[in-house]
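Please read the structure below before turning to the comments.
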């Protein structure tokens, strides 16, 4: 029998943004449910704003980087609202943080590929600096309010990163009290978090006890893992790579071995 057969998996983000992840878990025999603790609000970009100026002067930059799928969506919406041609960015190389941002870019720009991918923003910028000799090297980073505020970035010398806040992650206040009370009493086998903000908003809505303490917490990404642990919670499942397939493999390994805590996707290996 599959290790995840019949397990209840709660993906803590919207159904729309979790399709690939849900398909991977369903294919492994798990029952998948969704709860969106946050929602995304794309910000209007005024024509005379600093954000509009940076986007209109795309030729000044060498790289366009994204650290989330929402960054890709926000960039596309801003470019469209300002009536800027996407072709104006065609000379820029593209870098991403993680699998989901890469898939979002490929889905938006069919036929286009990324030139760099890392699992952390700092690692991405450092990799770009090491492989691109142009100086000063200018990087444009469309992002959100939480990433800009909570993910520190220290570019190498002569590397300039312009971070444009084009969207906000805010608490999803559309859940009725009865739904939240029912969720607090539920028992899931795994809670999946894909961002630090998603975890914080979940606690805001559901509390720090109950449902989050009864389940194995699984994450996509090292930044999310570190954030949850810094808040004093255990992370039981960490995949070797931030992809749906690796996360499912890590969950299977977790339930195949008793007495394990933090596992990688490879059976028998512990992450310290």
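Residue numbers (this note's numbering): 88 to 359.
Note that beta-carbon positions come from the ideal geometry of N, C-alpha and C, so glycine has one too.
Asked: Rounded Cβ spacing between residue 91 and residue 117 (contact assumed at less than 8 Å); Found: 4 Å
Asked: Cβ-based neighbour list, residue 100, same chain, cut-off 7 Å, excluding 5 preceding and 5 following; Found: 123, 281 and 285
Asked: Contact check, residue 119 vs residue 112, beta carbons under 8 Å; Found: yes
Asked: Beta-carbon proximity list for residue 309, same chain, < 7 Å, skipping 5 on both sides; Found: 206 and 207
Asked: Within 8 Å, strictly: CB atoms of residue 278 and residue 304; Found: yes
Asked: Length of the line joining the Cα atoms of residue 258 and residue 187; Found: 22 Å
Asked: Own chain, CB closer than 7 Å to residue 163, minus 5 neighbours either side, in chain order; Found: 195
Asked: Whole-angstrom distance between residue 134 and residue 325, CA atom to CA atom; Found: 43 Å
Asked: Endpoints, alpha helix (DSSP H) assigned at residue 200; Found: Where residue 200 is concerned, there is no enclosing alpha helix (DSSP H), given that its DSSP letter is neither H nor E.
Asked: For residue 193, the residue or residues it bridges with in DSSP; Found: Bridge partners of residue 193: none, in fact.
Asked: Identity of the residues DSSP links to residue 126 by a beta bridge; Found: 257
Asked: Residue 217 and residue 241 closer than 8 Å at C-beta; Found: no
Asked: Boundaries of the alpha helix (DSSP H) in which residue 120 is found, first to last residue; Found: Here residue 120 belongs to no alpha helix (DSSP H); instead the beta strand (DSSP E) covers 118-121.
Asked: For residue 232 and residue 320, the rounded distance between their alpha carbons; Found: 24 Å
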